[in-house]
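Chemist: Counting the sequence shown from 1 gives a position; the working numbering is that position plus 4. Every residue gets a Cβ at the ideal spot worked out from N, C-alpha and C, and that includes glycine. First, the structure itself, so that you have it in front of you.
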Amino acid sequence: MSIAFRLPLPSGFLPAGLSLPGFRPGDPLAEPIRLGMPQLAYGGLSETWLLKDLGHRHWLLLARSIGRDVPDFRDADGATVYAAFIAVSVQDAAFGALREHDSLSVRSRLERISRTQFASRHELLRDGLPMGSVEMTSVFVKRREKGRNRTLSRVALSGFAAPAAAPALARTAQLAATIRAGRFAEHFGFPNADGETGISLTVRPCPSQDFNGADFLYFASFQAFVDRAEWEAMDAPAGLFTLARDMVFHSNVEIGDAVRIAVKAQRADGDQLLHWCVLTRAADGARLADIFTRRAPAPR
Numbered sequence: 005m006s007i008a009f010r011l012p013l014p015s016g017f018l019p020a021g022l023s024l025p026g027f028r029p030g031d032p033l034a035e036p037i038r039l040g041m042p043q044l045a046y047g048g049l050s051e052t053w054l055l056k057d058l059g060h061r062h063w064l065l066l067a068r069s070i071g072r073d074v075p076d077f078r079d080a081d082g083a084t085v086y087a088a089f090i091a092v093s094v095q096d097a098a099f100g101a102l103r104e105h106d107s108l109s110v111r112s113r114l115e116r117i118s119r120t121q122f123a124s125r126h127e128l129l130r131d132g133l134p135m136g137s138v139e140m141t142s143v144f145v146k147r148r149e150k151g152r153n154r155t156l157s158r159v160a161l162s163g164f165a166a167p168a169a170a171p172a173l174a175r176t177a178q179l180a181a182t183i184r185a186g187r188f189a190e191h192f193g194f195p196n197a198d199g200e201t202g203i204s205l206t207v208r209p210c211p212s213q214d215f216n217g218a219d220f221l222y223f224a225s226f227q228a229f230v231d232r233a234e235w236e237a238m239d240a241p242a243g244l245f246t247l248a249r250d251m252v253f254h255s256n257v258e259i260g261d262a263v264r265i266a267v268k269a270q271r272a273d274g275d276q277l278l279h280w281c282v283l284t285r286a287a288d289g290a291r292l293a294d295i296f297t298r299r300a301p302a303p304r
């Protein structure tokens, strides 16, 4: 199953072969975004805003794939079920090239890649020029204990089309499985080895800023913590922007938990900064995420 938006679409135009429940001319998912202060950060596009927006698109595409306008999913017992990201990959990004008043278009696809996993790919364009892409893989989860984020279990919901026989968007799912199992020789040029650099930062996520409406630590907050560690602990210069970032998520936290961001490895490549950060729950060391990042100054 694959659903695609080719953006922008002329009013009333629906490409041949595209069946999209709930599609309407003027649909916000099919409208270019005029960049302003909500979408921008120091010197370019806000990656945190972008990930939140694309996460919302992923959620809506899941709903539309089974003919719903509202992404309200429940299991057979009526318990609320959420789409939780297990991996997000930012590739070929040019966030530092985007400026106020630019028009950003997003082309999105959704594909079911296994019994429990769904993946989406979002291509970013400014005036038809590629500005990067983001691939996201999610699973449906529910809490085994009400109000407890450490008690999540996967859920398979009915009503969706069968998984693709040869999924085109399986990269991030494969990445998540490989990183979680430690079955990689190297990634982003960093060998899979024990040890850390000794550089770390501990933060206590703020309920009103870092958690989402489902009371989970928002996936976009993980990369924001890494950027904060880059600034505060790695002494990186201002104005670095992501060229590529791979994030693999392992677990979540409760409100009040502290998060440790440890720089497992880092190196410079010309004017680019690369690092591998491991996020853990400070209290017990439980692994929360592995985040690999390549950053560079914005073009002048």
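(1) Spell out the partners DSSP gives Lys146 in its beta bridges.
(2) Leaving out five residues before and five after Val230 in sequence, what residues of the same chain have Cβ atoms less than 7 angstroms from its Cβ?
(3) For Phe194, which option in Phe122, Asp96, Asp273 has the closest C-alpha, if you only look at C-alpha atoms?
(4) Go to Gln178, then tell me how far its alpha helix (DSSP H) extends in each direction, as first and last residue.
(5) Would Leu221 and Val257 be called neighbours here (beta carbons separated by less than 9 angstroms)?
(6) Give me, in chain order, the residues of the same chain whose beta-carbon lies closer than 6 angstroms to that of Arg208; leave out the 5 immediate sequence neighbours on both sides.
(7) Check Arg249 in the structure and name its three-state DSSP category.
(8) Mind checking who Met140 pairs with in its DSSP beta bridge?
(9) So for Glu200, helix, strand or coil by DSSP?
(10) Report buried or exposed for Glu234, applying the criterion of at least 16 other Cβ atoms within 10 angstroms of its Cβ.
(11) According to the neighbour-count rule (16 or more other Cβ atoms, all chains shown, within 10 Å of its Cβ), is Tyr86 buried or exposed?
(12) Can you tell which of Val138, Leu33, Leu49, Ile90 has its C-alpha closest to the C-alpha of Thr182?
(13) Taking the C-alpha atoms as reference points, what is the distance between Arg78 and Thr84?
(14) Can you find the residues in the same chain that come closer than 8 angstroms, C-beta to C-beta, to Asp96, ignoring five residues on each side of it along the sequence?
(15) Should Arg299 and Phe223 be called a contact, given that it needs their Cβ atoms to be closer than 9 angstroms?
(16) Buried or exposed for Glu127, please, with buried defined as at least 16 other CB atoms from any protein chain shown within 10 angstroms of its CB.
(17) For my contact list, Gly48 and Leu102 are in at a C-beta cut-off of 8 angstroms; report their separation, rounded to the angstrom.
(18) For the ligand FMN, is there a heavy atom less than 8 angstroms away from the beta-carbon of Ala97?
(19) When you compare each of Asp31, Pro36, Thr201 to Ser107 by their alpha carbons, which one comes out closest?
Modeler: If we stick to the structure as given:
(1) Looking at the DSSP output, Lys146 sits in a beta bridge with Ser157.
(2) For Val230, where only same-chain residues beyond five positions count, the Cβ hits under 7 angstroms are Ile265, Cys281, Ile295, Thr297.
(3) For the residues Phe122, Asp96, Asp273, the minimum Cα distance to Phe194 belongs to Asp273.
(4) According to the DSSP assignment, Gln178 belongs to the alpha helix (DSSP H) that extends over 175-185.
(5) Against a cut-off of 9 angstroms, the Cβ pair of Val257 and Leu221 comes out as a contact.
(6) For Arg208, where only same-chain residues beyond five positions count, the Cβ hits under 6 angstroms are Ala262.
(7) Assigned with DSSP and collapsed to three states, Arg249 falls in strand.
(8) DSSP output for Met140 lists Val92, Ser124 as bridge partner(s).
(9) Residue state, collapsed to three classes: coil.
(10) When all chains shown are included, Glu234 counts as buried.
(11) That one is buried.
(12) Looking at Val138, Leu33, Leu49, Ile90, the one whose alpha-carbon comes closest to that of Thr182 is Ile90.
(13) Looking at the two C-alpha atoms, the distance is approximately 5 angstroms.
(14) Within its own chain, the residues whose Cβ lies closer than 8 angstroms to the Cβ of Asp96, once the five positions on either side in sequence are excluded, are Pro134, Gly136, Ser137, Leu247, Ala248, listed in chain order.
(15) With contacts defined as CB atoms closer than 9 angstroms, Arg299 and Phe223 fail to qualify as a contacting pair.
(16) Looking at its Cβ environment, which holds 16 or more other Cβ atoms inside 10 Å, Glu127 is buried.
(17) Right, their Cβ atoms sit about 5 angstroms apart.
(18) What this structure holds is no ligand at all, so the ligand FMN is not there to describe.
(19) Scanning Asp31, Pro36, Thr201 for the CA closest to the CA of Ser107 turns up Pro36.
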